[in-house]
Every structure is written in C-alpha cells, then in structure tokens.
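J.: Protein chains in written order, with this note's numbering: chain A, 1 to 296; chain B, 1001 to 1316.
Note that beta-carbon positions come from the ideal geometry of N, C-alpha and C, so glycine has one too.
Given the structure is predicted, the values throughout are model-derived calculations rather than measurements.
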Amino acid sequence: MTEVAATPAENTRLQRTLGILRDVMVRPSGAIGLTLVTFHVILAVISPWIVPYDYKAMNSLLMLNGPSGAHWLGTDHLGRDVLTRVLLGGREALLVTGVATPIAVIWGGLLGIFFGLVGGRLDEVLMRVVDAFLSLPWILKMLVLIVTFGTGIEVLIPTLAFFYGIPVIRIARAATHDVVARDFVSAARARGHGRITVIRRELLPNVLDTLMVEGAMRWSWMLLAFSSLSFLGFGVSPPTPDWGLMIADARGFMSFAPWGVLGPVIALSSLIIGINLTADALAKALGIDRAQKAPV
Amino acid sequence: MLMRRLFLGAITVWIVSIIIFAGVEVLPGDACTAFLEREAQGKLLENCREAQGLNRSAAERYFDWASGAVRGDFGVSANGQKSISELVGNRLRNSLLLAVCALAIGVPLAIFLGVVTGLRREKPVDLVFSSTAVFAMTIPEFVSATVLILVFSVWLGWLPGIVLTSAGAPISEFFPEIVLPVIVLGMVMTAHILRMVRSSVIEVMAGEYVQMAILKGVPYWHIVFRHALPNALLPAINVVALTIAWLLGGVVVIEVVFNYPGLGRMMIDAISDRDLPVVQAIALIVATVYVGVNLTADLMTMFLNPRLRTHALRGS
Chain A
1 MTEVAATPAE NTRLQRTLGI LRDVMVRPSG AIGLTLVTFH VILAVISPWI
51 VPYDYKAMNS LLMLNGPSGA HWLGTDHLGR DVLTRVLLGG REALLVTGVA
101 TPIAVIWGGL LGIFFGLVGG RLDEVLMRVV DAFLSLPWIL KMLVLIVTFG
151 TGIEVLIPTL AFFYGIPVIR IARAATHDVV ARDFVSAARA RGHGRITVIR
201 RELLPNVLDT LMVEGAMRWS WMLLAFSSLS FLGFGVSPPT PDWGLMIADA
251 RGFMSFAPWG VLGPVIALSS LIIGINLTAD ALAKALGIDR AQKAPV
Chain B
1001 MLMRRLFLGA ITVWIVSIII FAGVEVLPGD ACTAFLEREA QGKLLENCRE
1051 AQGLNRSAAE RYFDWASGAV RGDFGVSANG QKSISELVGN RLRNSLLLAV
1101 CALAIGVPLA IFLGVVTGLR REKPVDLVFS STAVFAMTIP EFVSATVLIL
1151 VFSVWLGWLP GIVLTSAGAP ISEFFPEIVL PVIVLGMVMT AHILRMVRSS
1201 VIEVMAGEYV QMAILKGVPY WHIVFRHALP NALLPAINVV ALTIAWLLGG
1251 VVVIEVVFNY PGLGRMMIDA ISDRDLPVVQ AIALIVATVY VGVNLTADLM
1301 TMFLNPRLRT HALRGS
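1) Any contact between the region 1248-1267 of chain B and the region 1199-1216 of chain B? By contact I mean 3 or more CB pairs, one from each, below 8 Å.
2) Verify whether the separation of the beta carbon atoms of Leu-140(A) and Met-1205(B) is less than 8 Å.
3) Does the beta carbon of Leu-83(A) come closer than 8 Å to any beta carbon on chain B?
4) Among all the DSSP beta bridges, which residues are the ones paired with Val-1076(B)?
5) With C-beta atoms as the reference, is Leu-83(A) less than 8 Å away from Ala-257(A)?
6) If distances are taken between C-alpha atoms only, which option among Phe-231(A), Arg-173(A) and Thr-240(A) comes closest to Ser-204(A)?
7) Against chain B, which members of the region 274-288 of chain A pass a CB distance test of less than 9 Å?
8) Can you check whether the C-beta of Ala-132(A) is within less than 8 Å of a C-beta belonging to chain B?
9) Cβ of Met-1189(B) within 8 Å of Cβ of Thr-1243(B)?
10) Would Thr-1117(B) pass as a contact of Ser-1130(B) if the rule is Cβ separation under 8 Å?
11) 8 Å is my cut-off, CB to CB: does Met-63(A) come that close to chain B?
12) Met-17(A): buried (16+ other C-beta within 10 angstroms of its C-beta) or exposed?
13) If you follow the alpha helix (DSSP H) that Ala-225(A) is part of, which residue opens it and which one closes it?
14) Which residues in chain A sit within 9 Å of Met-1267(B), going by Cβ to Cβ distance?
15) Is the CB of Val-147(A) under 8 Å away from at least one CB in chain B?
16) Helix, strand or coil for Pro-81(A) per DSSP?
17) Measure from the C-beta of Phe-163(A) to each C-beta in chain B and report whether the shortest distance is under 8 Å.
18) Could you check if Asp-183(A) is buried or exposed, using at least 16 other CB atoms within 10 Å of its CB as the buried criterion?
19) What residue from Leu-1194(B), Leu-1229(B) and His-1192(B) has the CA that sits closest to Gly-1207(B)'s CA?
20) Measuring alpha carbon to alpha carbon, tell me which of Asp-1298(B), Thr-1296(B), Ala-1281(B) and Arg-1307(B) ends up nearest Ser-1067(B).
21) Helix or strand or just coil, what does DSSP make of Thr-240(A)?
22) How many Å lie between Met-1187(B) and Leu-1248(B) at the Cα?
23) Going straight from the alpha carbon of Asp-1269(B) to that of Met-142(A), what length do you get?
24) Which partner residues of Thr-75(A) appear in the DSSP bridge assignment?
25) If the cut-off is 7 Å on Cβ atoms, which residues from the region 218-242 of chain A count as contacting chain B, listed in chain order?
26) How far does the alpha helix (DSSP H) with Thr-176(A) in it reach, from first residue to last?
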C-alpha cells in the first residue's frame, strides 16, 4: 500500500495501474491466471459465432456418441454436440458474476468505509447483523430467495450481489480502521486538510487496494456459488448451456460416456483457477496477504 | 471479556432467529399454502391456518417458535405432520459425522503441510503444495466430487460412489460409503487451513524474536517448535472456525452429490417442497452451530494465549 502522489492525478493513476498490471504479469501465477481469464472472457464474447453446431439441436441418432471428427468432444444424452455446449457454457456464469461482483464490492465497500469512519453504537449493531447473515450458509440464503422469486438472471444477479456484498462490509471496515490509524493520515490532518480531502486522497486509494483483491476473490466464490446452484438445478434453466448444469446432466452417464463430464469440468476449473491465480498475484503485487482471511 | 464473548454469541443467534423468522414471513405464501397447493383458498385455507395457529400475530408466533426452539422443539413439518426434532436428529448426527471425519484428517494434515511449506517458502515443496491447495480450495465441490467418483468408483472400482445407507442406520454402516465424501470435504478444508497456517508461519519466522534466537545460536528446531509454532498456530484457530462455517455451504452440495442422508440434503428437499418450518429449523440449527464453533475458537485462543488469558480472567 503506497500513498498516491497528488499531482498530476490523472497521469500517476494511469501509471500506477499499469505498474500494478506489470507487477501481476511478471509473476508466473499472474501471467497464467490472467491468460486463462482473458481467454475465457474473449471466448464468452465470440463463442456464438464460432460454435460448430446449434446448442439445442437434438438428434436421437447421435445420443452419447464418443469423440469423433464431426463431434470433437462427443455428444450428450440428447444427441447435442458437447463442444458447442462447452464453448457456450460459461456465458451465463460470466455475465451474472461479472455484473454482480462490482455491485457487491461497491455497495459493501461504501457501507464498510462509512461505518468504519463513523463507528459508534450504529456500527456495533450493524456488525452484529453482518455476523448474523454470515452465520447462515450461503446456499440456504440464496436458495430461499431463488425458490421464491424464480431462477432467471434478473433474480440471480441481485441475490448474488446482495449476499456477497455483506462480507465486503466487514473487510472494508477493517481496512478503513487500518488506514485511519496510519501516520500519513495524521500527517494529512496535521497539514490542515479537510475531512473530505483526507478521505478522498489518503483513505480511498488505500482501501481500494484491499477492495480490488477482495473483488477478485468474491468473483471466484460467486462463480463457485453460481455453478453449484446450476448443478443443483436452481441456476439457469435448460436448454441453456451451462457448465454446472451440463455436469449434473452428464453425471448419470459417466460410466460409459465420461466425455460429457470432462469437457465442462475442465472449462469451469480452468476459469476458476485462472481467477484465483490472478487474485493471488494481484494481492502479492499490492502487498496484501489474502491467505489471512477466511472466505466468509 | 469472556462474558462479553458469550453475550455477543447469544445476541448473534438471537438476531439470526429474527432474520430467519422475518425472512420466511415476508416471502409470499406460508406453510398452509405450500401444504394445500392448488386448493389453498377459501374455507380450506382458513381451517388450516386456524389449526396451525397462523392467524395469530407475527410477534406471538415468533415467541412461540423461539421458545420452542430453545427447548429443542421445532414444531411439526408442513406436509408430513411429523415432529421436526425427530426428523432432524439423525440427519444432524450424520452431517456431524461427515464433518468430524473430515476435520480429524484435514486439520493435522493441514497444520503439518502448512508448517512445512511455510518453513520452506518458495522452495519446490512449497510451490507444489501451495498450488495444489489453490486447486483444491477453488474447484467447486461438485466438480471434485464428480471427478473423484469417476476415477475411484467408476474406473478403478475401489470405493462406492454413492451412499445408500438410510439416515437412521448405526454409524458403522456408513463405512466405506462415507470415504469419498470425507475426502472431498477434507480436501477443501485442508487447503484453506494450510494456506492460513503457511502465511502465519512465514510471518512469525520473520519476527524479530525469531531472528534474535537465530543470531543467538538457538538450535533451529528448538526455535521452530518452542518459539515460532505456538505463536503461528494460535491465530489459525479462529480461521479454522470461520472456514468450517464457510464449508457448511459446501457440505450441502457434497451431500447431494453423494446422496448422503445429512442435514444439507434435507435442507435442499425442504426448500424444494417449501416446507418452511423445516427450513427455519435447519437454518437456526446451522447458525447456532456456526456461532458455537466460533465461540469455542475464541475461548480456545483466549486460554491458550497467556496474555489474553489473564486479561479474560481479570475482565470477567
């Protein structure tokens, strides 16, 4: 965590961002992670134009056929091309988590910073409510909402953004307490800077570092939650291709048709590992120890 | 200090109970509409609500529910008219069995590997185990479970890939069916704790008193076991507790994948059936377990750490 120099603001901020990016890229974990993530994001954008078949075209003559020249990853129990569905299977997941993660980090972060600064009785009460929410398993909280309001992305995005923002409150609050106690904040106060200036120039840049790492971690937990929900049958609805759903469907046939499971398993794992390696490298580049935190 | 922790724990459980009750309250529908389904209208609905006591005010029902829960009586399920406490009992035991087996293997292994990787930082052994840990902790449970079933049960045929034992069976009957679920859960758990212990060991070994001991010529293993480890492992206790709580979500998925008759699968079934009284009961039990585990961790840290110990005793 370094203090951001004040002038000229635009230029240094860009330089600092590029510096962090370079710092991430030179680490093996960062290079591999960022490559995987970039690959998946690009794939998610362009996949509708490059897939060889229609993802919902069923064919009773092609049920559970093994890999071949025409179907590289074989076909599933309804005769649909597995490769097509694997290529398209991350789109929903990336869309939902890609929108929900920034929302979660922003609302949780703002609330956390605010209560970290204000403190007092209200802060104490809020932390008890946060504790209470955290003591319920994520799956229970989400399932109750999903079963009530349906499973579309218009339900999943707010649900994920809400529940995954709650732990961020705690992280942002702790980071705020941490920064406020530092010497450079007292120095800025002693220089006679106003409250707003201190918050904007000294506090935010430093808390932002923590929140960035937190966001990367949240993203991977969210992806895990999203695909687990799909797997359990509470996420996206068929015939939409989704890795979690595909694994659930293909599991029953895996003794004689393992290709239906392996494709989505590799795709989902590589994305999640990519995000985590990136988060790791980012944390190291910013000097934040992410292993010290429990994944609540 | 001690009393304060206990008090805060009780407050948290109390708030959870309100959240659970209020959450179920604001959701559309109640136990009667779920039970009667399409016939939920007019006289039938009235009678059902009358019989279940749903006509009373929310505060009254909350008090009834909460005071029953304190005595271990969660009322009856919406559809089966069975006592929830009876339904939950065996399921809770089975889930705890799963968790305890995973902990018994995971915690010692994680501490051992965490210390080894922490002491051999950036060496091959560290890189191998640390990256394996990243894999193990980030892959969704249903993915690792599926792969393990495919390899050990379908291809090699070593272990059963599905649990067929009924919920009420004696514990001994769960072996060897429980082995794969325990491995999946233990893997994630080990990875989380390993990373925590590793970073804690690194931090402590860089401390001034350790450097001082090295300079004084104290034997290396003496430094590690007498000076570094007690300080490194203490903060790990709390993280282990928090990790257990996080894993409760994963337990649900694991139980579904392996058809394991635990609390998690019961919860999924109850949610699908909209059996709200059962959902409420499970939520409260799980939250209480979470708070209890964290409280135990707090107390353990307090009594293992001489500084906090004196503070706690003087404070209370």
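T.: Well, looking at it:
1) no
2) As a working note, residue 140(A) is residue 140 in the first sequence. As a working note, residue 1205(B) is residue 205 in the second sequence. No, they are not a contact pair.
3) Sequence index remark: in the first sequence, residue 83(A) carries index 83 (1-based). Taking Cβ atoms only, chain B never reaches closer than 8 Å to Leu-83(A), which makes this a no.
4) Numbered from its first residue, the second sequence carries residue 1076(B) at position 76. Ser-1083(B).
5) To locate residue 83(A), count along the first sequence from 1; it is residue 83. To locate residue 257(A), count along the first sequence from 1; it is residue 257. Going by C-beta atoms, Leu-83(A) is not nearer than 8 Å to Ala-257(A).
6) Against the first sequence, residue 204(A) aligns to sequence position 204. Rather than Ser, the amino acid found at residue 204(A) in this sequence is Leu. The shortest Cα separation from Leu-204(A) among Phe-231(A), Arg-173(A) and Thr-240(A) belongs to Arg-173(A).
7) Ile-275, Asn-276, Leu-277 and Asp-280
8) Taking the first residue of the first sequence as 1, we reach residue 132(A) at position 132. Judged by the 8 Å Cβ criterion, Ala-132(A) is in contact with chain B.
9) Position 189 of the second sequence, counting from 1, holds the residue named residue 1189(B). Position 243 of the second sequence, counting from 1, holds the residue named residue 1243(B). In contact: Met-1189(B) and Thr-1243(B) (Cβ atoms closer than 8 Å).
10) Numbered from 1 along the second sequence, position 117 holds the residue referred to as residue 1117(B). Numbered from 1 along the second sequence, position 130 holds the residue referred to as residue 1130(B). In this structure, Ser-1130(B) lies closer than 8 Å to Thr-1117(B) by Cβ.
11) Reading the first sequence from its first residue, position 63 is the one you call residue 63(A). Output row for Met-63(A): interface = no.
12) What you label residue 17(A) is simply residue 17 of the first sequence in a count that begins at 1. The question names Met, yet the displayed sequence has Thr at residue 17(A). Its Cβ having fewer than 16 others within 10 Å, Thr-17(A) is exposed.
13) Position 225 of the first sequence, counting from 1, holds the residue named residue 225(A). 204-232 is the extent of the alpha helix (DSSP H) around Ala-225(A).
14) For the purposes of this step, residue 1267(B) is taken as residue 267 along the second sequence, with counting starting at 1. In chain order: Pro-137, Ile-139, Leu-140 and Leu-143.
15) As a working mapping, residue 147(A) is identified with position 147 in the first sequence. Yes - at least one Cβ of chain B is within 8 Å of the one on Val-147(A).
16) Taking the first sequence and counting its residues from 1, the one referred to as residue 81(A) is at position 81. Going by the sequence as given, residue 81(A) is Asp instead of Pro. Strand.
17) Residue numbering aside, residue 163(A) sits at position 163 when the first sequence is read from its first letter. Cβ-Cβ to chain B under 8 Å: no for Phe-163(A).
18) Position 183 of the first sequence, counted from the first residue, corresponds to residue 183(A). Burial call: exposed.
19) For the purposes of this step, residue 1207(B) is taken as the residue at position 207 of the second sequence. Here the closest residue by C-alpha is Leu-1229(B).
20) Here residue 1067(B) refers to the residue found at position 67 when the second sequence is read from its first residue. Out of Asp-1298(B), Thr-1296(B), Ala-1281(B) and Arg-1307(B), Ala-1281(B) has the C-alpha closest to the C-alpha of Ser-1067(B).
21) Numbered from 1 along the first sequence, position 240 holds the residue referred to as residue 240(A). Coil at Thr-240(A), not helix or strand.
22) Here residue 1187(B) refers to the residue found at position 187 of the second sequence. Here residue 1248(B) refers to the residue found at position 248 of the second sequence. If you take the alpha carbons of Met-1187(B) and Leu-1248(B), they lie about 14 Å apart.
23) The sequence position of residue 1269(B) within the second sequence is 269, counting from 1. The sequence position of residue 142(A) within the first sequence is 142, counting from 1. Near 15 Å, if we compare the C-alpha coordinates of Met-142(A) and Asp-1269(B).
24) On the first sequence, position 75 is the one that residue 75(A) refers to. The partner list for Thr-75(A) (beta bridge, DSSP) reads Asp-81(A).
25) Ser-220, Leu-224, Ser-227, Ser-228, Phe-231 and Leu-232
26) Stepping through the first sequence from its first residue, residue 176(A) is reached at position 176. Unbroken alpha helix (DSSP H) run through Thr-176(A): 153-180.
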